[in-house]
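Residue numbers (our numbering), protein chains in the order written: chain P, 7 to 283; chain S, 8 to 389; chain G, 8 to 389; chain C, 484 to 799; chain L, 643 to 1037. Just below is one structure, and these are the notes that go with it.
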Amino acid sequence: MILGQSSSSRIVSHAVLVTGAIIMVFPFLWMILASLTPQSEIFDGSLLPTPTLHGAIDNYGTALSAIPLLRFMANGFVVCLAILVLQIAIAIPCGYALAKLSFPGRPILLVGVLLGLLVPVQIPTIPIYIALAKSGLLDSYAALVLPWIISVFAIFLFRQFFVTFPDEVLDAARLDGFSELSIAWRIMLPAAWPAVVSFSIFSIVAHWNDLYWPMVVITNPDMMTASLGIAYFRQAGEGAGNVGALMAGGVLVTAPLVSFFLLMQKHFIRGLVLGRH
Amino acid sequence: MAALDLHIDDIGKRFGAIDVLRGICLRVAAGEFVTLLGPSGCGKSTLLRIIAGLERADQGHVRAGGRGLDAVAPKDRDLAFVFQSYALYPHLSVHDNIAAPLVMRELSSLERLPVIGALLPGAIQRKRSIQERVRQTSGLLKLDALLERRPSALSGGQRQRVALGRAMVRKPKIFLMDEPLANLDAALRIHTRGEIARLHKEMETTTIFVTHDQAEAAALSDRVAVIFGGELRQVAAPADLYREPVDLDVARFLAQPFLNELAVAAPIGGGLMIGGSRIIIRDALGSGLAGTLAFRPEHATLAEKDHPGALPVRVTRIEHAGIDAHVFVDAEAGAQFVARISAERARSLRDGDNLGLTIDAERAWFFPSNGSRQRGDHSGTV
Amino acid sequence: MAALDLHIDDIGKRFGAIDVLRGICLRVAAGEFVTLLGPSGCGKSTLLRIIAGLERADQGHVRAGGRGLDAVAPKDRDLAFVFQSYALYPHLSVHDNIAAPLVMRELSSLERLPVIGALLPGAIQRKRSIQERVRQTSGLLKLDALLERRPSALSGGQRQRVALGRAMVRKPKIFLMDEPLANLDAALRIHTRGEIARLHKEMETTTIFVTHDQAEAAALSDRVAVIFGGELRQVAAPADLYREPVDLDVARFLAQPFLNELAVAAPIGGGLMIGGSRIIIRDALGSGLAGTLAFRPEHATLAEKDHPGALPVRVTRIEHAGIDAHVFVDAEAGAQFVARISAERARSLRDGDNLGLTIDAERAWFFPSNGSRQRGDHSGTV
Amino acid sequence: MALANDIPLSSLAPNTAGRYRPARAQAQAGIILSVPATLLLVALVIGPAILVFFLSFTNASLGLAGIQFIGVANYTRMLTDPGFAQSLRNTALYVAVVVPTAIGWGLLVAVLIARSRFAVLYRTAYFLPVAASLVALATAWEAILHPSLGFANTLLQLLGASPVRFLSDPATAIYALAAIGVWQLVGFNMILFLAGLSTIPEELYEAATIDGADRGLKRFLLVTWPMLAPVTVFVTVMTIIRAFSVFETVAVLTQGGPMKSTSVVLYTFYEEGFRFFRVGYASAISVSFFVFVTFLSLVQMRVSERRARWKANGGQ
Amino acid sequence: ETKLNVYYAWPEHEVIHKPIADRFMADHPEIKISFRAAAPSYDEAVQTLIRQSMAGELPDVHYVGFNVLRPLVTRGLVKPIDDLVAADHLADKGYTEQILSLARIEGHLYGLPFAMSTPVVYYNADLVKQAGGDPDKVPTDWDSFVALAGKVGALGNGTSGMYYQLGSDDWATQNLVRNFGGQMMNDKESDIAFDGPAGQAAVKLFKRFHTDGAQPAIDSHAARQLFTSGKLGFFFASAGSVSGFEGEIGDRFKLRTAKQPLGAEDATMPTGGMVAIILTDDPAKRAAAWDYVKFTTSPEGQSIVVPNTGYMPTNTLALDKDHLAGFYDKHPNWYTSVLQTPRARPWFSWPGDNGVQIGEVLRDEMTAIALGSKEPEAALADMVSEVRALLPKTN
Ligand SMILES: Nc1ncnc2c1ncn2[C@@H]1O[C@H](COP(=O)(O)OP(=O)(O)OP(=O)(O)O)[C@@H](O)[C@H]1O
Ligand SMILES: Nc1ncnc2c1ncn2[C@@H]1O[C@H](COP(=O)(O)OP(=O)(O)OP(=O)(O)O)[C@@H](O)[C@H]1O
Ligand SMILES: O=P(O)(O)OC[C@H](O)CO
Ligand SMILES: [Mg+2]
Ligand SMILES: [Mg+2]
């Protein structure tokens, strides 16, 4: 620690941070409180909902019985996981090739990747939707997963990560008898682990939250993802619906991911840092 | 173990418009320890990588034990490479790092798989044999206690030993080492260099070692190959190199910490006036050549101020160097020299003292501006 | 320029459970050049950072020119710090890097703004003065041609010079340098160390210099302070340190590349039998102390195998080191020694030669296992 | 004297044909490794994007057969369509609020957190919105922002202010959505900035301390801000793209209302394409969207390029 | 075994669809009913259907809003069922021609009406009493109604007077125009008609709701929450929500319904509700679907629909003693809509492909009036021009 940090500036900085943190956390707090409060008392004029046991039982009971919430979440997990695994499986070799191998077409591919980085993900959705419709794949996991398995962002991220990976290790591997393919899988993949973690968070956040695409391709409730499911649940009862139960559903949908991310926070930062050196 | 000789034949390499290597020819005998020495960027690493097959030469050939290597893939060249940055696999334990070259060579992809691999009959035996050899190597390098650690949990010196282990484990016929000591601190560098010497002695593997530290090169090598700007200037045993550098560049580079130099516009009648005395440069006699007279600090002596034939100088700085000391002196007309004298004697000297500098002309060199050096021979006193 | 003396008084520092520094007392005279020397992790940087105010001592005081610094912010301590990694601002040009300490001190935030700043009357003058001083400094360091470049476009040596320039530009009263040469290659390290010596001579600023390279310490310093494990073991001029190390650690550390050591279980009647001769260790006489006899390679000589009183040894390796060579020999019972002899003589030696080793007992030390060293005195022949 | 060079034998060195080429082995591997990504890139990104470009010159309509080339009619319609103009305005407003606020706040938090003793606590709090399911939390926001019963208005009334119909008032709805957008992005940007901050060598701060920039704005301007330049470019581009692509909150909370005051470009695109099936027109919107975002990102990158150049040069 | 895929609007209607399907499957073990995720509104449902039709993913049975049957017919997604109706002699089974006509387009019958509603006034009897009104006699003319609402709004404590819900389609807007004896388009559908005096009166009245009736300019989600938490006097919505409201309100206050005030003698109102239609082409499925559609509209099906929503039955036999006889006596809140049936007319359906978007235009302009950002006349003028642009050019 450096000498001479004034305590007044420290107090100001804490005040700023605490205020912001309260704003950040408040919706969660409200959601949790509302999920424990009987529907009729949530908007009873008090500042915050006041939880009761039977309210909690009611709301969570409704959330779990009125809609197949667990099924939605399971769909969400399957979809996010499938997308993530495929994205990584496709992006890592490509990122490695772009970073460390010179092959014909590499400059073009690199330009393609950079261009792809600029194309907002919604742009190609109309042709993809038509293609999925024509091949009868709407309302399926394939429809939810396929369009996203190529992530130019992942390719770019891994490429940046690999560019900083020491060439000497690759040379050592070549001398040790690794083929280029086994270098990609046996050396680059484990080495990219921190970047994989970072990317996973980017990817899971994006696809867990995505409403746009599920809204377009999914009509069968058996195939709904968590986001779509909650949006759907929200419509029930002409929207005013059962706020308590809705919040209970929100808590259930949010909890696993939040806990997972909080655990992974540090790795996330580390992955980003390593990718940048 | 059988070592191989290595013939490097007229190797040339360009990167873009730059000739990084030009017509390098070098023969390394089986079991010999040769150092490539030269300033940064002179092409040492490039040459080493060409030998390893990691880089393709634009011209020339490499042959080992009589076999041309040009068409051989790096992993089949039966040589091992030790990198300056160690180049360990960061995700593998020390054991697995050392085992990697064996595993990749001796196990099929199927056999390398963790569970299935264990079920294949041949694989078990081969895996045992690999483990045995890793154990031997780690014993030799005193790494036994570290086998389970990741490289990130090792000190620089330990990492370097693991890198050596990985290179040694499959008993290659030729060792290539690219500044393996550069990242270590002074004490560790000297210690590890002793270890490399010991290992070479034990295994007698043909070794090519890259460094830009002349002391390291001198301490380790049978012969030193000095490279400047992509050209091989001189190949010689350390002692010979010390005594007979072929040109001013080499002399300077090998004279760390210091080389005394005196520009000579044109010798007067083949001789040179220093401090009222004339040094006859025999080889330049009558040629009227311009050039540089050079001599090492240890070949200069400090005498009384009015010593006959000595150059009058004034002490400007004294640097201690163990048993000796370097004394920096100014001569007239701004020339500066360094003399290496015993620390004992240096104790009696002070900055500002007026002394006389004499040169051991037998050991001084004359390097004409164009061409290689001629030994400066003394005539009479200096 | 007026230099300040520096008193370091009983400094102690803990990190967690570890005592990183213990009761360090050191007085540096105004204008003196003192080096902190010690192995990695011994606390050199921590001490330097405490002096700079970058770290707070748990105990003790730092005073400069009689003024207590404990309550003074780093920027007001009137000292400059040169970092091992140079710590240049990568986004600023060389000029702006050097100017940074002046700009930060002498211009207000408003005046630093590019356009508005130029409109403020006082600022223009002060900016001119800053530019003038930057120019002076860059002239001194031969950086004029590089002023517009970014650090990334400089070589290691140039970066180091910029770092020095940034430290010098505001003419601080004390220089602190933390291994400023560690990242340079061998040749450049020696060159830059000469430059630092020259600058110190010109400016006569009190300087504390950290290194773990004993040659560097010896070459540069008026005095060297040797630290081991957070303790100050010895402070002495390089030549004294060379001759009279206070304990075995110091002796070893200062004996790079090598120190000969011989464990002595218990001197027989205050004497020690080597090669059939007895060395009398005067200070241990009659005390029956156990300890280590140590001597430097340059204080061992190689004689004929049957030289009277010489220890019979066999040559195992010869390392060339310029005018000298290190000869590694094995004695009976596995003891190993190194002798430094002239390269001339070494040429006649071969591995496996049988010779006799004699020790210059006048220069050998005896370090009892507990306590500091006693000089080993010879009795009769060795 | 030692022999300087051995004698070259190269005169009889003939074929270079059999030479092992490290480059060729790598080229083969490079192609194999990049083929899946290349194919998918073409099939799922570039191909469709090109198709969209062509569709934007047609009157294609989902479900109705027969496509006609109608030139730039979709584009001229876009220019004259007040609905589209409105959605552009809304998007611009949203972006103008979200981008600077989310970046500035994220940066402020990161800088303050980096030196705080409660860093983990704060970081966790700010990171929560990133990890949450936006749709669920949007609903919580809706309740909090309820025009009369919500927490926000209860609080306002307690403080003596008159209630604000956040999401029901066309004058405030887009800002309410922007606030939710900021809420969700701050933590994300903070994490990116924290990652950037952790790469700044401590020695640089120490050098600044000794140079006289030992705290506050001085130090921030001398070290932190310039050193964060590359991260800032990244964060800015990411934030711009995400702000332009706002969809979830609109779809869930306002469906573009009230009175189209929150119909942003992407939502308009969705409505035109997937609700009203005007594929041609939707394509034209998305093409313009792409051009616009690309243009903005490029401008941003160019502006920051100079600041970041030292990094690109591999600055120490 | 035949599988039927059923799709309906309004997720909260699960409370009727699921029990009906269960009961049906119990009787027809060979038929398996599965549901698609409910659409949030009739308009969304039809958009989704059109999308699904392109993917060949149409459900087998759908409950289409009366207003959006027409675009499905125009797109050829539904086939007439006149033959089936005739073959089964449905006319004798409680399906009156008046009700079937709601599903008739250009002379063909495309489905069986499943539920019917009219707009009713829900009110908080406690608040009305507090404001000095008579909970048993809600005003039947707009002036006194608006005045009473204004008084409720003036009660303070965060209370608002009324909320005329625009909803997610044009039903409520049509209702206001019809309330003054107007229509949306002329009889030949050659031009719009809502810009006449009735339309003028409608938009002006809507403005008065806000200026005089203490209607807050908030979205219907928020308003509904306001009403159910006892802070709103009157709420205009479909009679189909009675059961939902009662459930949400519980005994927090006394919920009652009343007939809408009338703006003109010839006032009419659009009939809300939906038609069960068959979308599948597969003969086996069609047969099963026909059985299902008949069942849902049978007295048995209807006796599930009515108590759980508030809709009026579409099958007259449902009121018999085995089913709903006596139900209305016990549930006066349900009966209000029945009282309004003489004025009920088909919910007008827009020609062309843009019906849904026309609905949006109307809603947006009405919202502008609510927010005071446009004068009623200006808003009406804008509606006229925008709707014209969206109507088929051939007209
Ligand atoms: N892949 C490459 N592309 C272009 N130039 C290269 C490449 N590799 C090396 N060079 C250039 O070739 C020259 C020789 O490089 P090399 O690495 O062999 O030098 P070196 O003697 O090993 O130097 P050092 O002591 O710094 O390691 C340098 O000028 C370098 O910049
Ligand atoms: N901030 C810190 N927290 C905990 N331990 C520290 C910290 N800084 C230094 N240390 C420990 O204090 C000891 C002394 O560190 P210091 O950096 O002063 O050593 P040094 O002599 O400069 O070593 P080197 O030559 O490697 O630079 C080391 O053991 C180090 O691990
Ligand atoms: O009566 P419903 O349930 O058909 O609904 C009618 C309208 O859609 C309400 O806006
Ligand atoms: Mg190199
Ligand atoms: Mg240090």
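Where a beta carbon is used, it is the ideal one built from N, C-alpha and C, also for glycine. Because the structure is a prediction, the values reported are computed rather than measured.
C-alpha gap between residue i and residue j, whole angstroms
i: Phe-171 of chain P; j: Pro-187 of chain S; result: 19 Å
i: Arg-785 of chain C; j: Ala-712 of chain C; result: 12 Å
i: Met-827 of chain L; j: Trp-154 of chain P; result: 47 Å
i: Ala-130 of chain G; j: Ser-136 of chain G; result: 10 Å
i: Phe-302 of chain G; j: Asp-367 of chain G; result: 8 Å
i: Thr-690 of chain L; j: Ala-178 of chain P; result: 58 Å
i: Tyr-605 of chain C; j: Ile-596 of chain C; result: 7 Å
i: Gly-50 of chain S; j: Gly-236 of chain S; result: 7 Å
i: Pro-722 of chain L; j: Met-721 of chain C; result: 53 Å
i: Ala-106 of chain G; j: Glu-118 of chain G; result: 14 Å
i: Asp-182 of chain P; j: Pro-108 of chain S; result: 4 Å
i: Asn-226 of chain P; j: Leu-545 of chain C; result: 20 Å
DSSP three-state assignment for residue i, whether helix, strand or coil
i: Val-345 of chain S; result: strand
i: Lys-180 of chain G; result: coil
i: Ile-155 of chain P; result: coil
i: Val-101 of chain S; result: helix
i: His-219 of chain G; result: coil
i: Lys-1124 of chain L; result: The requested residue 1124 of chain L does not occur in the structure, where chain L is confined to residues 643 to 1037.
i: Thr-58 of chain P; result: coil
i: Ser-991 of chain L; result: coil
Bounding residues of the beta strand (DSSP E) (the contiguous stretch that carries residue i)
i: Asn-647 of chain L; result: 644-649
i: Phe-22 of chain G; result: 13-22
i: His-68 of chain G; result: 66-71
i: Val-35 of chain S; result: 25-35
heavy atom of ligand 1 below 7 Å from residue i C-beta
i: Val-41 of chain S; result: no
Cβ of residue i within 8 Å of any chain A Cβ
i: Arg-180 of chain P; result: Of the protein chains in the structure, P, S, G, C and L, none is chain A.
Host alpha helix (DSSP H) of residue i (start-end)
i: Ala-814 of chain L; result: 813-821
i: Met-721 of chain C; result: 712-727
Proximity test, residue i beta-carbon vs ligand 3 heavy atom, cut-off 7 Å
i: Tyr-684 of chain L; result: yes
i: Ser-1091 of chain L; result: Residue numbering for chain L in the displayed model covers 643 to 1037; residue 1091 of chain L lies beyond these limits and cannot be assessed.
Check whether the stretch 743-762 of chain C and the stretch 98-118 of chain P are in contact - that is, three or more C-beta pairs closer than 8 Å. The stretch 743-762 of chain C vs the stretch 98-118 of chain P: no contact.
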